[in-house]
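First to last, the sequence lines map onto chains B and H. Using my numbering, the first residue of the first sequence is number 1, and each one after it goes up by one. Using my numbering, the first residue of the second sequence is number 1001, and each one after it goes up by one. From the three backbone atoms N, C-alpha and C, an ideal C-beta is built for every residue, glycine too.
Number of protein chains: 2
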Amino acid sequence: MDIQYFKDLLHERALKATNSRLNLLTTMLAYKSAMPYSAIQESMKSVDRVTLYRTLESLKQSGIIHKAYQENNETYYAICGKKCGHQQHSHDHIHFKCLKCELVTCEQTTTDIKISIPEFVINTTSIYLEGICKLCKD
Amino acid sequence: MDIQYFKDLLHERALKATNSRLNLLTTMLAYKSAMPYSAIQESMKSVDRVTLYRTLESLKQSGIIHKAYQENNETYYAICGKKCGHQQHSHDHIHFKCLKCELVTCEQTTTDIKISIPEFVINTTSIYLEGICKLCKD
DNA sequence: TAATAAATGCAACAATGTTGCGTTTATTAT
DNA sequence: ATAATAAACGCAACATTGTTGCATTTATTA
Ligand SMILES: [Mn+2]
Ligand SMILES: [Mn+2]
Ligand SMILES: [Zn+2]
Ligand SMILES: [Zn+2]
């Protein structure tokens, strides 16, 4: 993933490759973990907050970023994988918040997760875990 | 669960049994499923919104209600079970949103859910499902 | 380089979160 | 039953975020 990847991706989704969008995406990429809105705002303070709002909306709509988690009044955003498309998110990962470093990350689980409720039809599953991450352990 | 149960519960948690709290709790109980904030506000429009805010906060803090789900700008609240206490929520259920009736409910899963990520320590697990509920099925 | 649809910035308003403070009320002690 | 007291309430006030409209600017295509 680099700036050219994002440019192509934006064009593919019929979005203009504007500075706002490219800046946001490269910033989020550099951030590694899911990026809290306050941090996004901080690094995007040159653009109007309405533009930031619409930038997040359009990228979310187009399956380029997703809302990884929301707690209290902080929303965390992360970049989507290749499976997501326009109006069609498809995530097979879970979200984890480390209680030590406080980072929110997208993680793969080892085992397949099958959750069922008798007589209910389940379409989508969202899992959020809290604990200690690999790096903070020991 | 009735009004006396709530009165005792509030006293047990060192909270005054005020009209706001009793009204909120009985309303939520009658609502059956997790109650969206907008509906709570609607049925509590006689009290100041700051009081409603503090009422929700105090009940949440004391383990009497919990935030069942939050989507877009709607937060859903539900009454806690007996296991929750002051500063100590302990939920073993999951949250389900029916895409037909749009109700959010607290549900028990049949099988024990064990999710692991290699080298991570997991403290708490939150699961949110979407689909069709028992009543809306068929 | 010109045309055009999309994106941006700004103004404006709504909703919710949050605190301070003076008044009211639930609870406890007399 | 009454009085004392800490908790809760209502109101004002301010912050943050969400959201839309509209005129101007910009990315893309012809
Ligand atoms: Mn994710
Ligand atoms: Mn619940
Ligand atoms: Zn960590
Ligand atoms: Zn249903």
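How about residue i and residue j: do their beta carbons lie closer than 8 angstroms?
i	j	result
residue 1109 (chain H)	residue 1094 (chain H)	yes
residue 1105 (chain H)	residue 1034 (chain H)	yes
residue 1096 (chain H)	residue 1129 (chain H)	yes
residue 9 (chain B)	residue 16 (chain B)	no
residue 1132 (chain H)	residue 1099 (chain H)	yes
residue 127 (chain B)	residue 1115 (chain H)	yes
residue 70 (chain B)	residue 1070 (chain H)	yes
residue 1056 (chain H)	residue 1101 (chain H)	no
residue 1028 (chain H)	residue 1077 (chain H)	yes
residue 1117 (chain H)	residue 107 (chain B)	yes
In this structure, how does DSSP classify residue i when only helix, strand and coil are distinguished?
i	result
residue 1047 (chain H)	coil
residue 130 (chain B)	strand
residue 97 (chain B)	strand
residue 40 (chain B)	helix
residue 125 (chain B)	strand
residue 1110 (chain H)	coil
residue 70 (chain B)	strand
residue 1088 (chain H)	strand
What is the residue span of the alpha helix (DSSP H) that residue i lies within?
i	result
residue 1011 (chain H)	1003 to 1012
residue 30 (chain B)	19 to 31
Looking at the secondary structure, which residues open and close the beta strand (DSSP E) in which residue i lies?
i	result
residue 1107 (chain H)	1104 to 1107
Can you find a heavy atom of ligand 5 that lies under 7 angstroms from the Cβ of residue i?
i	result
residue 93 (chain B)	Annotation note on ligand 5: not contained in the displayed structure, which lists ligand 1, ligand 2, ligand 3 and ligand 4 as its ligands.
Original post:
Just checking, does the stretch 1078 to 1089 of chain H make contact with the stretch 1059 to 1069 of chain H on the three C-beta pairs under 8 angstroms criterion?
Top reply: yes
Original post:
Three or more beta-carbon pairs under 8 angstroms between the stretch 110 to 122 of chain B and the stretch 1004 to 1022 of chain H, yes or no?
Top reply: Touching, no.
Subject >> Residues near ligand 2, criterion Cβ-heavy atom distance below 5 angstroms >> reply: The filter returns H:1068, H:1078 and H:1106, in chain order.
Original post:
Closer than 5 angstroms from C-beta to any heavy atom of ligand 4: which residues, in chain order?
Top reply: H:1098, H:1100, H:1101, H:1133 and H:1136
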